[in-house]
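Count along the sequence shown from 1, add 487, and you get the number used in the working numbering. Remarks on the structure that follows.
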Amino acid sequence: MAKGRADQTTDQAPVWALGAMSGTSLDGVDAAMILTDGHRVLEFGPHAYRPYTPAEQATLRAALGRWPGDPGVAEAAEVVETAHAELLSRFDGAALVGFHGQTLAHDPRGRGTHQAGNGALLAQVLGLPVVWDFRSSDVALGGQGAPLAPFYHFALARHIGATEPVAFLNLGGVGNLTWVNPHAPAPEAEGA
488 MAKGRADQTT DQAPVWALGA MSGTSLDGVD AAMILTDGHR VLEFGPHAYR
538 PYTPAEQATL RAALGRWPGD PGVAEAAEVV ETAHAELLSR FDGAALVGFH
588 GQTLAHDPRG RGTHQAGNGA LLAQVLGLPV VWDFRSSDVA LGGQGAPLAP
638 FYHFALARHI GATEPVAFLN LGGVGNLTWV NPHAPAPEAE GA
């Protein structure tokens with residue numbers, strides 16, 4: 488996708504992007520498609536949800552706070568990969584996939600961040616390019632690696648035509664409030 492400010496237009500042909508998220512609530516995996524030119528949401532597409540079973544939730548819960556190589560982490564990654572592959576394979580027409588993975592451990596000022604799930608494996612299963620490991624680059628550059636929702640909220644504010652500041656409340660395992668200034672050219676560092 489083209490890089491640039493959120494208010495720029497682009498000559499990039501719109502594509503259907505498929506995104507998946509499994510949050511800290513450990514309830515399951517949500518997926519949705521959007522039509523985008525890389526800067527704007529042009530259209531919302533289909534969406535679906537795949538709940539984690541009680542056994543899968545127990546496996547994930549046992550791996551929370553653990554790092555690669557620790558007991559239970561490989562099993563948790565397998566749960567994440569299987570659930571995502573099952574859900575994402577239901578969609579047709581996507582040009583690419585965004586895969587967050589399941590956050591198991593997050594210490595941006597110390598060890599870093601770890602999301603279970605292998606995007607390269609999902610790319611093989613789905614036959615599509617998969618963008619993944621979103622948080623690590625931000626942490627490597629001195630950021631917190633989270634939350635990611637403000638970037639979506641900024642695009643959503645533009646999509647709904649907000650003309651005044653708007654707040655989005657994201658309730659999950661951790662609650663986040665995003666305050667969006669729709670007149671800003673791009674999301675700000677401390678929020679959107």
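Built from N, CA and C at the ideal position, the CB exists for glycine as well.
Between the Cα of residue i and those of the options, spot the shortest distance and give me the residue it belongs to.
i	options	result
G552	D524, A603 and F638	A603
L609	G556, L628, P595 and H587	H587
L613	L635, F578, G629 and D594	F578
A519	Q544, T600 and V528	V528
D498	D517, G515, D524 and S512	D524
N668	G648, L658, G659 and V661	G648
E530	V502, E543 and L547	V502
E565	Y539, E675 and G580	Y539
N663	F638, I521 and H670	F638
E562	Q589, L505 and L522	Q589
Going by DSSP in three states, residue i sits in which element: helix, strand or coil?
i	result
V612	helix
L656	strand
G532	strand
T600	strand
V661	coil
D594	strand
Q589	strand
L583	strand
G491	Residue placement at G491 is poorly supported in this model, since its pLDDT is 34, which falls under 50; the coordinates still yield a value, given next. In this structure, G491 counts as coil in the three-state DSSP scheme.
V567	helix
G678	The pLDDT assigned to G678 is 42, lower than 50, so where the model puts this residue is not dependable; a value taken from the coordinates is nonetheless given after this. Note: G678 maps to coil in three-state DSSP.
D625	helix
T511	coil
Going by the CB atoms, is the gap between residue j and residue i shorter than 7 Å?
i	j	result
H640	T665	yes
V560	A550	yes
G606	V626	no
V516	H571	yes
T569	G659	no
T533	L583	The sequence as given places Pro at residue 533; Thr does not occur at that position. Not in contact: P533 and L583 (Cβ atoms no closer than 7 Å).
L591	A507	no
R537	E573	yes
Starting from residue i, follow its DSSP beta bridges and name the residues at the other end.
i	result
A519	G506 and H534
W666	A654
W619	F586
### Task
Count the CB pairs spanning the region 583-597 and the region 625-633 that are closer than 8 Å, and state whether there are at least three.
Segments in contact, yes.
### Message
Count Cβ pairs between the region 647-659 and the region 620-630 that sit closer than 8 Å; are there 3 or more?
### Response
As far as the Cβ criterion goes, the region 647-659 does not touch the region 620-630, which means the pair count is below three.
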